[in-house]
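To start, the structure under review is shown below, and the notes come after it.
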Amino acid sequence: MTSRLRRRPLGWPRRLARLVLIVLALVFLLLFLVLPLTTVFIEAFRQGVGAFVEAIRQPEALSAMRLTLLVATIAVPLNVVFGVAAAWAMTRFQFRGKAFLGALIDLPFSVSPVISGLIYVLMFGAQGWFGPWLERHDIKIIFAVPGLVLATVFITLPFVARELIPLMESQGSEEEEAARVLGASGWQMFFRVTLPNIRWALLYGVLLCNARAMGEFGAVSVVSGHIRGLTTTMPLEVEMRYNEYDYVGAFAVASLLALLALLTLGIKTLMEWRYGDELATHAPGGH
Amino acid sequence: MTLELSHLNRRFAGFSALDEVSLSIAPGEFLALLGPSGSGKTTLLRILAGLDYPDSGSVLKGEEDFLATPARERRIGMVFQHYALFRHLTVTENIAFGLRVRPWRTRPSRAKIHERVDRLLARVQLDGLGGRYPTQLSGGQRQRVALARALAVEPDLLLLDEPFGALDALVRVSLRRWLRELHEELKLTTVFVTHDQEEALELADRVAVMNQGRIEQVDTPEVIYHQPATPFVCEFIGKVNKFGVRRHAGGLAAGAWVCEGDPWPERYNAAWAYVRPEQLRLAVPPAQPAWDAWLRHIYLAGSVAHLDLHVPSLDQSLEADVASEDLARLGLQAGMRLRVAPRSAVLFAQDAGGHTVERERWIWHAQDRVHA
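Same order as they appear, the protein sequences are chains A and B. With the numbering used here, the residue at position 105 of the first sequence is 106, and numbering never jumps. With the numbering used here, the residue at position 369 of the second sequence is 440, and numbering never jumps.
Here it is in C-alpha cells:
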C-alpha cells in the first residue's frame, strides 16, 4: 500500500508544499547559521592574514587560550567520572530518590547559566556563605581559576550522564552479570565489558561536553571578574575585545572558537554516521 | 557434592519471590525448575549464581556456606536467557573470557587457553566460527557459544535460564536432545529454569514444580505426571479435566459415575477429581457406571486426536485424547453419543467450607481394567 503510494507521482499541491518547505528551511539555515558563521571568518580576515595572526598572538589572546584549555582539561575528566558513575547508579540500581537524581542531573540545562554563576558567587564570594572563611585561609575561588572550573563543571554536568543513561538502560546488565559469574572482578567487568559497550556514546558525550566547556560564556562571565591575562577565557576575551572596538581581534578569537565548533560538529557527524546504532537516540540539548 | 538449599526466603516490594524453599541438588543430576512466570524459579537460579541473595535461609555445599562465597569463586557456569554474549568480542574471545580474567597465578597459558577454546568450539559444533561476532550468528549458534563460554571455566554447577526460550520450535527440540546427550557425557550437575513443561519432563532427571515462590513438588518426571502432589501440579503439568465429586451411598460420585473405595469415610463429603485426557475410556459397556456424553468435535493434531466431549450430567465439557489411528478403529465421529468413564483420577478432598485440602490426596484407579 505505502510503496504504491510512494511510487505514484505527487500531485501539484503536494509538490508545491514540499518545495516551499525545503526552500523555507534552506533560507532559514542560510540566514541564521551559515551567514553569521561566515561573517565571523570574513571579519577575522578583513585586514589580511597578517592582522589575524597578530591578533591571536597577543599575550592576552594566548593566555585566554591557555586558560580555556586548562578549564576544559579539568572539567571534562571530572564530568567523565561523574557521568559514568551517575549513569551506572541510575541504570544498575534501584533506590529511593532515583527520579530526583535524574532531575538533578538535568538541572544545569534548565537553569540560566547566569544563575549558575551567581550561585557560586553567593557561596564563595567575599559576601558569600564561605567567603570570610576562605578569605581567612587565603583561598581564592571567585574571580580566580577555581571559580571558572566550578562554573564550567556545573554547566557541563549533564552531557556525559545524559548520553550514557539511555544507552546503558537499553543494554541492560546481563553482560555484566555474565562477566561476574565467569569470575571477573569489579574492575575487570568495568574495563572489559561495560566500557567497551559504552565507548562511542562516552566519546560522543565527551565531545559535546568539551565543546560546551570551551564555549561557555554566561556562568563563567559571572565568576570571572574579567581580569585580563588571568581569568579571561576565550569567549570572555571575544566580548572584551568587541567592547573595545577591536573588531579584528574579537573576530579572530571568535573564529578559533567557531573552528572548534565546526570540528566538533564534523567528528559528531562522522560518529553518528559510523556508530549511530551504538549512540543514544537523542542528544542532550542546551548549547 | 550435594547442594543443600534450606528455608530460602526472598521478598521483593509487595510480593514473595521465594517462600520457605528447601531443595537438595545431588551431584551430577539434571534438575528442572518448572513454573509459570513469577513463580520464583529465576530468583532461585540467580541466588545459586550469586547474582541475588535471599533474605533468610541457607545454601550449603558440603560444609561450605555457598551464600558467603562470592559469585566469581563459586565455580559456576551460567547460560542467560538472552545469552548475554559480549557483543564487542568474537566467539573465541567470548569463550576465553572466563579464563583470561583469572589472576595470573591460576590463569592458563595463552596456548592452553587457545587449545581449550578450540576443543569447546568443536564440542558445540561451531568449528571455524571463532572469528565471528555474536551479531553474525543465528540464535541456536549464540546459545551454543553461551554454553561453551560457561563450560570453559570448568564449572561444578551449570545453570541455564530458559535456555531454549528464544529459539524456534525445530531448533529447540534438536538443541535440547543435544544438551541431554552432553549431560550424559559430562555428568555435570545442571539446574535449568523453564516454563515449558514438555521441556522439563523430557530433559530432567528430576523436576521441581514451583508456584508463587513455593516448591509444590520435586520428583522424577513420571511421578510428577502420574502422581501430582497438589492441585496446582495437576493443572500445570499436562492437560487435565477437573470436576467435583460428592459423597453418595456408594462412595464419591459425579453424575452416573462412582469411584469405588473411599479414603475419607466420615471425614470429607466432597472432592475435586482430576483426570488426564488419555485416561478417559470412550466406549464403556452398559454394565459399568459411566456418563453419557456427546462427541462435539474432533481436533486432529497430527499423531493425537483431541476429542471435545460434552457431558450433560456434569454440565461441562471433558477432553479425551486418542491416537489418530484409533479414530477409525473406534468408529469415532463428531455428533455421536458415547459412554465415557475415567480409567484413573487424582482426587483432593474438599472440607465443609468448600476449600481444597491439599494434603488429602487420593490416587484412584479403575479396578476392572477394560481397555476401550
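The beta carbon of each residue, even a glycine, is placed where N, CA and C say it ideally should be. Keep in mind it's a predicted model, so treat the numbers as computed, not measured.
Pick helix, strand or coil for residue i, following the three-state DSSP scheme.
i	result
N80(A)	helix
P285(A)	Bear in mind that the predicted position of P285(A) carries a pLDDT of just 39, short of 50, making it too unreliable to give a figure here.
V33(A)	For the record, residue 33(A) in the displayed sequence is Phe; it is not Val. F33(A) falls in the helix class under three-state DSSP.
M2(A)	Here the model assigns M2(A) a pLDDT of 43, short of 50, so the residue's position is not dependable and the matter cannot be decided.
P293(B)	The question names Pro, yet the displayed sequence has Glu at residue 293(B). Residue state, collapsed to three classes: helix.
H436(B)	strand
R285(B)	strand
R58(A)	helix
H254(B)	helix
I228(A)	coil
E233(B)	coil
S129(B)	strand
A87(A)	helix
I120(A)	helix
E273(B)	helix
L271(A)	helix
R97(A)	coil
R213(A)	helix
V278(B)	strand
A146(B)	It should be pointed out that residue 146(B) corresponds to Arg in this sequence rather than to Ala. If DSSP states are grouped into helix, strand and coil, R146(B) belongs with coil.
R203(B)	coil
R16(A)	helix
V1(A)	There is simply no residue 1(A) to check, as chain A begins at 2 and stops at 288 in what is shown.
V441(B)	With a pLDDT of only 48 at V441(B), under 50, the local geometry of the prediction cannot be trusted, and no value is derived from it.
R47(A)	coil
T114(B)	helix
F263(B)	strand
V428(B)	strand
D136(B)	strand
Q421(B)	strand
D239(B)	coil
Y124(B)	coil
Assuming residue i contacts residue j (C-beta within less than 8 Å), just tell me the rounded distance between them.
i	j	result
A223(B)	A167(B)	7 Å
A90(A)	F155(A)	Wrong, their Cβ atoms sit about 19 Å apart, outside the cutoff.
A62(A)	V254(A)	6 Å
D276(B)	F101(B)	5 Å
V216(B)	V162(B)	5 Å
A103(B)	A279(B)	7 Å
A376(B)	P348(B)	That pair is no contact at about 10 Å.
L122(B)	V130(B)	About 13 Å; that fails the 8 Å criterion.
A88(A)	L165(A)	4 Å
L74(B)	N80(B)	The pair is not a contact, with the Cβ atoms about 18 Å apart (cut-off 8 Å).
H381(B)	A364(B)	6 Å
E91(B)	R285(B)	7 Å
L203(A)	F83(A)	Their Cβ separation, rounded to whole angstroms, is 12 Å, which puts L203(A) and F83(A) out of contact at 8 Å.
R200(A)	A142(B)	With 8 Å as the limit, R200(A) and A142(B) do not qualify as a contact, their Cβ atoms being about 25 Å apart.
G236(B)	Q152(B)	6 Å
S395(B)	G326(B)	Not really, about 29 Å apart at Cβ, beyond 8 Å.
Would you mind telling me which residues of chain A sit closer than 9 Å to residue i, beta carbon to beta carbon, in chain order?
i	result
M149(B)	E178, A179, V182, L183
Name, please, each residue of chain B whose Cβ falls closer than 7 Å to the Cβ of residue i.
i	result
P197(A)	H159
Q189(A)	V172
Listing by chain order, which chain A residues have their CB less than 7 Å from the CB of residue i?
i	result
V224(B)	L183, G184
V162(B)	Going along chain A, no residue has its Cβ under 7 Å from V162(B), so there is no contact; the nearest lies around 14 Å.
Taking residue i as the query, report the chain B residues whose CB atoms sit under 8 Å from its CB, ordered along the chain.
i	result
V194(A)	F157
Could you name the residues of chain B that residue i contacts, counting a contact when the two beta carbons are closer than 9 Å?
i	result
E175(A)	F151, Q152, H153, Y154, A155
Please compile the residues from chain A whose C-beta is within a distance smaller than 8 Å of the C-beta of residue i.
i	result
R445(B)	Chain B is shown only over 72 to 443; residue 445(B) falls outside these bounds and no answer can be derived.
A142(B)	R181, V182
Q: Pick out the complete alpha helix (DSSP H) segments inside the stretch 302-380 of chain B, 4 residues or longer, and give them in chain order.
A: 302-307
Q | Under 8 Å (Cβ pairs) to chain B, residues found in the stretch 45-56 of chain A | A | none
Q.
Short of 7 Å Cβ to Cβ, which residues in the stretch 160-187 of chain B face chain A?
A. F168, G169, V172, R173
Q: For the stretch 102-130 of chain B, enumerate the residues whose C-beta is nearer than 8 Å to any C-beta of chain A, in chain order.
A: A120, G121, L122
Q: Within the stretch 153-177 of chain B, note down every full beta strand (DSSP E) run reaching 3 residues or more, in order along the chain.
A: none
**Q.** Every unbroken alpha helix (DSSP H) inside the stretch 75-107 of chain B [4 residues or more]
**A.** none
Q: Jot down the residue ranges of each uninterrupted alpha helix (DSSP H) in the stretch 379-418 of chain B, minimum 4 residues, whole runs only, in chain order.
A: 395-400
**Q.** alpha helix (DSSP H) segments (min. 4 residues) lying fully within the stretch 181-227 of chain B
**A.** 181-194, 210-223
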